[in-house]
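Reviewing the structure listed below.
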Amino acid sequence: MAEEKKNSGRLAFIDWTRGLAAVVMLQGHTFDSFTRTDLRDKSAFMLSQFLGGLPPAIFLFLTGITFAFLMDSQERQGKAAWPRVVAALKRSRYLFLIAFLFRIQLYVFGFPTSPAGELLRVDILNCMGMAMLILAPMAVFTTRERIRLCTVLGLVIAGLAPVVSMIDATSVPWLVRAYFFPSYNYFGFFPWAAFLAFGMVAGSIIRSVKADEMSRAMLWMLTIGIGLALAAHQLSNMPYSLYAKSD
4 MAEEKKNSGR LAFIDWTRGL AAVVMLQGHT FDSFTRTDLR DKSAFMLSQF LGGLPPAIFL
64 FLTGITFAFL MDSQERQGKA AWPRVVAALK RSRYLFLIAF LFRIQLYVFG FPTSPAGELL
124 RVDILNCMGM AMLILAPMAV FTTRERIRLC TVLGLVIAGL APVVSMIDAT SVPWLVRAYF
184 FPSYNYFGFF PWAAFLAFGM VAGSIIRSVK ADEMSRAMLW MLTIGIGLAL AAHQLSNMPY
244 SLYAKSD
């Protein structure tokens, strides 16, 4: 009975989405590891790698949803602003800890050929931890306020990413560059943290919707998502850009 009560608040579609993303990610890594060089220009391999590139964004978005759930839960318990921020910071600390433990086990299993620099590699878990660290102050606001604020933050992070990429960062320490600057090799705050911010928007909306209105809300979110995807595709095919450098 206690176990049923404990799990009654879980949303199955979030768990299913996370599991599906993990499977898609694993197939991408598997094909990348075992496909011969002469087959890497074939459509099957290219499709595998395209799909394999989607899970990081999905994981960040889902992490943003659960991050918003945490903030909403703290708010419903009537906790003051600072304890709510501390709870959010603890979630960030947990992600950083998992990230470093993951890098350590890779280093240990690859020893002595694994380079020591890989211990500080900024991977998706590090990006989650940094994004949570910076967005933790959102806990001081109400759930409805976070919907507006995190929408703005997500747009700002995504919009500034091309600008940040044009900054000459040669004098910036490499670890700072890895955590904040757009790169093909690392998961920098710009633009990846935008997915977590938008996930916080979705999570705040879910917690603001009544149980009997959830189905309608999901249909609206699906419609908006499809509309945004089509709009982004159209904008990416335009012959001009707002930015001097775009990729």
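Per the working numbering: the sequence shown = residues 4 to 250. Note that CB positions come from ideal geometry on N, CA and C, so glycine has one too.
Residue i, enclosing alpha helix (DSSP H) - first and last residue
i: residue 148; result: 146 to 168
i: residue 129; result: 127 to 138
i: residue 210; result: 192 to 211
i: residue 179; result: 177 to 183
i: residue 142; result: Careful: residue 142 lies outside any alpha helix (DSSP H) and carries neither H nor E.
i: residue 219; result: 217 to 239
i: residue 55; result: 46 to 55
Which of helix, strand or coil DSSP assigns to residue i
i: residue 93; result: helix
i: residue 79; result: helix
i: residue 114; result: coil
i: residue 244; result: coil
i: residue 106; result: helix
i: residue 186; result: coil
i: residue 67; result: helix
i: residue 87; result: helix
i: residue 119; result: helix
i: residue 214; result: helix
i: residue 4; result: In this prediction, residue 4 has a pLDDT of 43, which is less than 50 and means its spatial position is unreliable; what the coordinates show is noted afterwards. Coil.
i: residue 60; result: helix
i: residue 73; result: helix
i: residue 98; result: helix
Contact check, residue i vs residue j, beta carbons under 8 Å
i: residue 192; j: residue 183; result: yes
i: residue 30; j: residue 55; result: yes
i: residue 123; j: residue 178; result: yes
i: residue 141; j: residue 130; result: no
i: residue 160; j: residue 208; result: no
i: residue 63; j: residue 202; result: yes
i: residue 139; j: residue 92; result: yes
i: residue 128; j: residue 102; result: yes
i: residue 135; j: residue 70; result: yes
i: residue 176; j: residue 185; result: no
i: residue 157; j: residue 204; result: yes
i: residue 210; j: residue 75; result: yes
i: residue 73; j: residue 94; result: yes
i: residue 35; j: residue 52; result: yes
i: residue 59; j: residue 190; result: yes
i: residue 246; j: residue 165; result: yes
i: residue 27; j: residue 57; result: yes
i: residue 146; j: residue 216; result: no
i: residue 181; j: residue 125; result: yes
Any non-hydrogen atom of the ligand MN within 7 Å of residue i CB
i: residue 171; result: Although the ligand MN was asked about, the structure shown includes no ligands whatsoever.
Ordered list of alpha helix (DSSP H) runs contained in the stretch 7 to 41, each at least 4 residues = 15 to 37
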